[in-house]
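Asks: This is the structure I have questions about; it appears just below.
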Amino acid sequence: MGYWPDDVESVVHRIQDDRQDLWNDKKADLIAEELKKICGSDSLYIMVYDECGGYDNHSFYASIDQTFYSFRRGGCNVVVYRSTEWNSGGKDHLEIIKLQVESCRTGAIPELYTYDGIPKWLMKYRIQNSGFIGMVGTWRNAIVRSVNSNTEWGPGWWITATCYDWDTLENTDTKFTLIAGWQ
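Laid out in structure tokens, this is it:
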């Protein structure tokens with residue numbers, strides 16, 4: 712895959728630097744359009760969200776050689792995940808990953824001060840066969856786009872997950888965009 716990761720970095724950084732005037736959705740669209748031209752048969756998730764740091768705002772667990780991160784640049788954060796198996800049979804398992812991710816909509820993620828380690832736990836115990844788990848607080852205005860996946864939801868599934876109170880087990884107002892990408 713000659714384009715990965717250098718060409719991805721070039722596209723993402725150029726849009727982050729040169730198009731600070733755009734909202735997250737337009738930045739995500741531009742990145743998706745440009746990556747579609749170079750990604751070959753790979754299927755991609757692209758996430759663009761408000762600039763932030765800290766595991767209270769976002770947390771990821773992913774295959775290192777399949778994920779590109781660009782944080783706190785141009786007023787936004789960008790994460791690109793490359794599924795190398797989606798278009799060679801992974802999409803046949805869409806219903807499986809959909810059910811696993813949907814099972815996390817409520818009652819799976821406690822409200823915490825830090826979400827470091829939560830995506831790894833979700834990958835191990837709730838969402839198997841994924842190569843990427845990402846959580847971005849809804850207050851960070853995450854936009855999710857996909858390229859070359861042949862499905863509306865991209866190379867996996869994503870939802871808005873509601874956290875629960877550890878003591879009362881009731882839902883809280885804390886919500887995350889939860890994204891799971893197939894291997």
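Residue numbers (the numbering used here): 712 to 894. Even glycine gets a Cβ: it sits at the ideal position worked out from N, Cα and C. Here the structure is a predicted model, which means the values were calculated and not measured.
With 16 as the cutoff for other CB atoms within 10 Å, does Q839 come out buried or exposed?
Replies: exposed
Asks: Check for me: the alpha helix (DSSP H) holding N861 runs from which residue to which?
Replies: Premise fails: N861 is in no alpha helix (DSSP H) and is neither H nor E.
Asks: Measure how close the beta-carbons of S857 and Y756 come, nearest whole angstrom, since I'm counting them as under 8 Å.
Replies: 6 Å
Asks: Between the alpha carbons of K886 and T817, how many angstroms are there, rounded?
Replies: 10 Å
Asks: Just the Cα atoms here: how many angstroms apart are A739 and V759?
Replies: 6 Å
Asks: In chain order, which continuous runs of the alpha helix (DSSP H) of length 4 or greater are located wholly inside the region 728 to 775?
Replies: List check, alpha helix (DSSP H) in window: 735 to 747.
Asks: What's the gap between the Cα of D878 and the Cα of D884?
Replies: 15 Å
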